[in-house]
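Working notes for the structure below.
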Amino acid sequence: MKIIKLICLIIFTLAECKSHNEDNLELMTLYLLNTQRFGRYGHSSELLENESILIMGGQNGYKVQNDLSIYESNKNTVFQIGKMRTNRSNFKSVRLLDGRVFIVGGRITAVNVGENSTVTDFTEIYDPKTNSVIEGPKLNQGRSDFTMDILDDGRVIIAGGKAETVLKSVEIFDPNTMTINLLGNMNFNRYLHTSTKLNNGKILFIGGLDNLQLTIGSTEIFDPNTMSFTQSGNLSVPRVLHTSNLLSNNKIIVTGGYKVNNPPYVSNTKVIEIFDPVTNTFTSVGNITEFRSGHSSNIISSNEMLLCGGEQIVSGIPILSSCEIYNLVSYSVIRSSEMLSKRSFHTTHIISNSKVFITSGYDRVNLDTGIPNANKTSEIYNIDQNSFIPVYGDL
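With the UniProt record's numbering, letter number 49 in the sequence shown gets 49, and the count goes up by one each step, no holes.
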């Protein structure tokens, strides 16, 4: 109550200012009204048609959230707009061809050290035109930490992940019939892997962890024409919590992550690899500056990639605020920068080809409980200026 009274007092005081301060008053009001929101990790976010960004769910300490927020780039502000039907973290979402957002699976209970969490088979669909959520068809298998990709025809592939065991099953969602059917299996059980869609519509699945909690060096390709999976080339460094991005030449770049040889023997990697779909092979092309896992990577120009944040799997689990810009021609780091906040397991989106929206994640880990501290903030990276500014309205 005291906080609300203080906010009202500040707003009233600002309202006494002259009219030319009305814009500042609005922004300050928005900021104050949003500063009591909570942070999150294990969330998802999607870029909508109007370049606003939908932010969904996630975990905050021992609580799994179901809230929906939206970032409006013209006001540089995050607003809360509603709730999902299901609390969830470590789930996936994808924007459908009609602009709606398909939200799938995940964990409905918090992930705590030494404990299993409960996964859900529920799905839902958010419609930005009506700001409403409807129930979707159930998965055949509840799962978390899977991958999800939209095919050229609008159907959605849901692959792998974790339930009581690590999965290799694959499901396909058809938004026209609102049905989900089992499609078959990948060649390997895997979760916390990545998937990247090639220009020909095929999808490359990379790395992850298996049933023994060992990192996977294998990759495989899904062909939507035959609806089948084929083993592809092996990574030079098996890895998990890495990133993979499609380049303009239809090759795929893989960065960061860490390797598990035999738990708990873990090693970080700086090695960058390039996948060539013509030869089905990976080639090491250099190193990033810092060890990073749970980081973000964005292609910000035809020859540059931005890598931000993440963590290092070493004593103390340091979380990073550093960013580096990697040149895709010379295969070298050419610039560096610092985010306003440390963060790992955050999400990012490019806006108007000139900015990168960065939101949430966690900024430290309680080494006694193993529970991360959720980050409430968002920020904008200006590509041309190589600088960061804060976003109004904490999460």
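Even glycine gets a Cβ: it sits at the ideal position worked out from N, Cα and C.
Closer than 7 Å to chain B by CB, residue i
i: glycine 309; result: Absent from the structure: chain B. Only one protein chain is present.
Outcome for residue i when other beta-carbon atoms lying within 10 angstroms are tallied against a minimum of 16
i: valine 260; result: buried
i: glycine 257; result: buried
i: methionine 84; result: buried
i: leucine 306; result: buried
i: leucine 68; result: buried
i: asparagine 90; result: buried
i: aspartate 152; result: exposed
i: aspartate 384; result: exposed
i: glycine 208; result: buried
i: methionine 227; result: exposed
i: glycine 154; result: exposed
i: lysine 129; result: exposed
i: glutamine 231; result: exposed
i: glycine 142; result: buried
i: glutamine 213; result: exposed
i: asparagine 189; result: buried
i: valine 329; result: exposed
i: serine 336; result: exposed
i: aspartate 145; result: buried
i: threonine 147; result: buried
i: leucine 183; result: buried
i: serine 45; result: buried
i: threonine 377; result: buried
i: glutamate 164; result: exposed
i: isoleucine 334; result: exposed
i: glycine 82; result: exposed
i: glycine 42; result: buried
i: isoleucine 389; result: exposed
i: glutamate 338; result: exposed
Whole-angstrom distance between residue j and residue i, CA atom to CA atom
i: threonine 269; j: arginine 343; result: 19 Å
i: threonine 347; j: asparagine 185; result: 28 Å
i: arginine 292; j: glycine 316; result: 14 Å
i: proline 372; j: asparagine 225; result: 42 Å
i: tyrosine 31; j: lysine 75; result: The pLDDT assigned to tyrosine 31 is 46, lower than 50, so where the model puts this residue is not dependable; a value taken from the coordinates is nonetheless given after this. About 11 Å.
i: glycine 39; j: tyrosine 362; result: 8 Å
i: serine 387; j: serine 322; result: 12 Å
i: threonine 29; j: proline 175; result: Caution applies to threonine 29, whose pLDDT of 48 falls short of 50 and renders its modelled position unreliable; the value that the coordinates give is listed next. One C-alpha to the other measures close to 40 Å.
i: threonine 243; j: histidine 193; result: 9 Å
i: glutamate 51; j: isoleucine 350; result: 9 Å
i: asparagine 262; j: aspartate 210; result: 12 Å
i: leucine 167; j: glycine 160; result: 5 Å
i: isoleucine 252; j: leucine 340; result: 29 Å
i: phenylalanine 102; j: arginine 95; result: 6 Å
i: methionine 56; j: phenylalanine 205; result: 24 Å
i: valine 278; j: glutamine 59; result: 40 Å
i: arginine 364; j: alanine 374; result: 8 Å
i: methionine 326; j: threonine 281; result: Here residue 326 is tyrosine; the residue named in the question, methionine, does not match the sequence. C-alpha separation (whole angstroms): 21 Å.
i: glutamate 171; j: threonine 359; result: 29 Å
i: valine 156; j: glycine 99; result: 14 Å
i: glycine 370; j: proline 264; result: 15 Å
For residue i: DSSP bridge partner residues
i: histidine 349; result: Phe357
i: alanine 374; result: Tyr362
i: aspartate 174; result: Thr179
i: isoleucine 325; result: Leu306, Arg335
i: threonine 194; result: Ile206
i: leucine 54; result: Glu46, Ile70
i: tyrosine 41; result: Gln59
i: aspartate 127; result: Ser132
i: isoleucine 158; result: Met148, Glu171
i: arginine 107; result: Ser89, Val119
i: aspartate 276; result: Thr281
Chain-order list of residues whose beta-carbon lies under 6 Å from that of residue i (same chain, five-residue window excluded)
i: isoleucine 203; result: Asp149, Ser195, Lys197, Phe222
i: phenylalanine 79; result: Ile70
i: phenylalanine 229; result: Met186, Asn187, Glu220, Phe222
i: serine 284; result: Ser236, Val271, Glu273
i: valine 266; result: Tyr258, Val260, Ile313
i: aspartate 121; result: Lys138, Leu139, Gly142
i: serine 117; result: Arg107, Thr109, Val111
Same chain only: Cβ atoms within 8 Å of residue i, ignoring 5 sequence neighbours per side
i: proline 137; result: Thr123, Phe173, Met178, Thr179, Ile180
i: lysine 355; result: Ser73, Ile380, Tyr381, Asn382, Ile383
i: isoleucine 216; result: Phe188, Arg190, His193, Gly207, Gly208, Leu209, Asp210, Pro238, Val240
i: glutamate 304; result: Ile325, Tyr326, Asn327, Leu328, Ile334
Own chain, CB closer than 7 Å to residue i, minus 5 neighbours either side, in chain order
i: lysine 63; result: Ala110
i: glycine 114; result: Because the pLDDT at glycine 114 is just 47, under 50, the model does not fix this residue reliably, and the point stays unresolved.
i: glutamate 311; result: Ser293, Gly294, Ile317, Pro318, Ile319, Leu320, Ser344
i: serine 248; result: Ser302
i: glycine 286; result: Ile272, Tyr331, Ser332
i: threonine 86; result: Asn66, Ile108, Thr120, Phe122, Glu124
i: threonine 255; result: His242, Thr243, Ile272, Ile288, Ser297, Leu307
i: isoleucine 134; result: Glu124, Ile125
i: serine 169; result: Gln141, Leu182, Asn185
Quiz item: Which full runs of the beta strand (DSSP E) of 3+ residues lie inside the segment 224–273, going along the chain?
Solution: Counting whole runs of 3 or more residues, the segment 224–273 contains the beta strand (DSSP E) stretches 228–231, 243–246, 252–255, 258–262, 265–268.
Quiz item: Could you give the uninterrupted runs of the beta strand (DSSP E) lying entirely in the segment 64–95, keeping only those of 3 residues or more?
Solution: Taken in chain order, the unbroken stretches of beta strand (DSSP E) that lie wholly in the segment 64–95 and span 3 residues or more are 77–83, 92–95.
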